[in-house]
Every structure is written in C-alpha cells, then in structure tokens.
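J.:
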Amino acid sequence: MKEIIIATRNKGKVNEFIDFFKPYGIKVQSLLEIAEQLPDVEETGDSFAENATLKAEQIAELLNRPVLADDSGLVVDALHGAPGIYSARYAGEEKSDEANNQKLLKNLQEVPQDKRTARFVCVLAIAVPGEETTLYRGVCEGKIALNPKGTNGFGYDPLFIPNGYQQTMAELSSAEKNQISHRSNAIKQLKNWEKLT
C-alpha cells in the first residue's frame, strides 16, 4: 500500500487525513507513528503558509522523504483576524480546545449574530527533498455560534456554523464535514500528491 507522511501530532487532523486518502488506497503515517524521536517544529512564521512550509521542509529534511504539512486555524472578522495562526494556543500554551472555545465566546459576547462572520483557513505544504515546496489553500466560510453544540470534531468545530447550514461543524457527520471543510478544500486542489507516496 502507498503511504503518505503527514507532519502532525494532532489526532483530529490525522483522522481527517486518513478519511481523505483512504479512497485512493493511501495509508497515512503521522508523526505519532514514526519511531524516530523527531523534534517539534517551532511555528515562528507570520502566516499559515509560512508555518506549514516550516513544518513540511524541516520534517522532510530530517526524514529525507516527501512530507505533507498543514497549518490551519480560525479567522474571526470581529476580532481582526484572531485567533488566526494562534488558534491552537489561543487560551494558552497547553492547547486546550475547551479553553480556546470559552475565550472565543468571551471575546465575542458583545458581538451580534450577524457580525460573527468567520472562516476556517487551511494551508497545505508539500515538501519533497531537492524540489521547491508547493502550497495549497482551502477556506470554509461561516459564522460563530452563541453556544457550543455537537461532539463530532475538534478545535472550534462546536462553535463554527458553515454557510448554508444550521448546525455547527461538530454536529455534522465526518462525511459531511469532509465535503466542505477548509482542509478538504485544500486537499481537493492537490495536483502532485502522488509523488508524496
């Protein structure tokens, strides 16, 4: 079976990538399964693209193999783009989904429903040793709910209502989410993922 390396230790992301690549007969291997102790890549970039590139290139160099990396997050218009690239650490370095969601609701408590527009953004970077890194960007537009709902998903999914839906991402099935998510919209653009395997 073909295999693709994803530079992440986020189990939620890993499960989404597994679902995306399964129809192609491609096995996903994340940093959680790689036996070698790889260092955490410091996300020092100023954008999703820079951080995805840093992760993909550093892990590809360490393993001397093609690597796919993702950097993604939530961009809220009423908060001038926050939490943005700091989405995972919005409420602190310990990366708690619940704490992040509570902070987001607190910061939006004075903002009316029609002004709670937001989008999930994902940038995928494909790093192949000796070649130029390629980037793909996917977006899912929506708004922030007044209260969290649903248990399917991770991150800000319980608060994010995609455009055209009444439910949050966390109330959708995995199959429904994978049709419209920012990550799936980025993956659909991949032209050269076959050379990753």
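Letter 154 of the sequence shown, counting from 1, is numbered 1319 in our numbering, and no numbers are missing.
Backbone N, C-alpha and C define an ideal beta-carbon position, used for all residues, glycine too.
1. Kindly indicate which residue of G1303, P1231, G1210, L1196 has the alpha-carbon position closest to the one of G1295.
2. Relative to the C-alpha of S1195, which residue among L1337, K1176, G1249, V1304 is closest?
3. Check D1236 in the structure and name its three-state DSSP category.
4. For K1308, write down the residues that DSSP places opposite it in a beta bridge.
5. When DSSP labels each residue in this structure, what does E1296 get in the three-state scheme?
6. Just confirm the distance between the C-beta atoms of A1450 and L1270, as a whole number of angstroms; I'd bet it's less than 8 Å.
7. Between V1276, L1227, S1252, which has its C-alpha nearest L1122's C-alpha?
8. Please give the ranges of any beta strand (DSSP E) in the segment 1225-1279, keeping only runs that are unbroken, at least 3 residues long and fully inside the region.
9. Let me confirm a value: K1167 is counted as buried when at least 16 other C-beta atoms fall within 10 Å, else exposed. Which label applies?
10. Alpha carbon to alpha carbon, how far is K1256 from K1268?
11. Compute the Euclidean distance between the alpha carbons of P1188 and E1275, then round it to the nearest angstrom.
12. Taking 8 Å as the cut-off, decide whether the C-beta atoms of D1242 and F1319 are in contact.
13. Any idea what DSSP makes of S1349, helix, strand or coil?
14. Suppose you measure from the CA of A1221 to the CA of H1245; what does that come to, to the nearest Å?
15. Beta-carbon within less than 6 Å of I1291's beta-carbon, same chain only, minus the 5 sequence neighbours each way: which residues are those?
16. From S1346 to V1304, what does the alpha carbon distance come to, in whole angstroms?
17. Which word fits Y1321, buried or exposed, when buried means at least 16 other C-beta atoms lie within 10 angstroms of its C-beta?
18. Excluding the 5 residues preceding and the 5 following F1307 in the sequence, name in chain order all residues of the same chain whose CB lies nearer than 7 Å to its CB.
19. Anyone know if the C-beta pair for I1309 and R1348 falls short of 8 Å?
20. For L1289, write down the residues that DSSP places opposite it in a beta bridge.
T.: Taking the structure as given:
1. When G1303, P1231, G1210, L1196 are compared, the shortest CA-CA separation from G1295 is found for P1231.
2. Residue nearest to S1195 within the set L1337, K1176, G1249, V1304 is K1176 (criterion: CA-CA distance).
3. Assigned with DSSP and collapsed to three states, D1236 falls in strand.
4. Its beta-bridge partners are T1282, I1326.
5. E1296 falls in the coil class under three-state DSSP.
6. In the structure displayed, the chain extends from 1166 to 1362; residue 1450 sits before or after that span and is not available.
7. Shown here, the chain extends from 1166 to 1362; a query on residue 1122 therefore has no answer.
8. Entirely contained in the segment 1225-1279, the beta strand (DSSP E) runs reaching 3 residues are, in chain order, 1232-1241.
9. Flag for K1167 reads exposed.
10. According to the sequence displayed, residue 1256 carries Ala and not Lys. Taking the straight line joining both Cα atoms gives about 6 Å.
11. P1188 and E1275: Cα-Cα distance of roughly 44 Å.
12. Not closer than 8 Å, so no.
13. Here S1349 sits in helix by DSSP.
14. A1221 and H1245: Cα-Cα distance of roughly 28 Å.
15. Non-local beta-carbon contacts of I1291 in its own chain, meaning distances under 6 Å to residues more than five positions away in sequence, involve L1233, T1299 in chain order.
16. When rounded, the distance between both Cα atoms is 7 Å.
17. Buried, because 16 or more other Cβ atoms sit within 10 Å of the Cβ of Y1321.
18. Before going on, a small fix: residue 1307 reads as Gly here, not Phe. In its chain, beyond the 5 residues on either side, A1283, R1284, F1325, I1326, P1327, N1328 have a beta carbon closer than 7 Å to the beta carbon of G1307.
19. Contact flag unset, no.
20. Bridge partners of L1289: D1235, Y1301.
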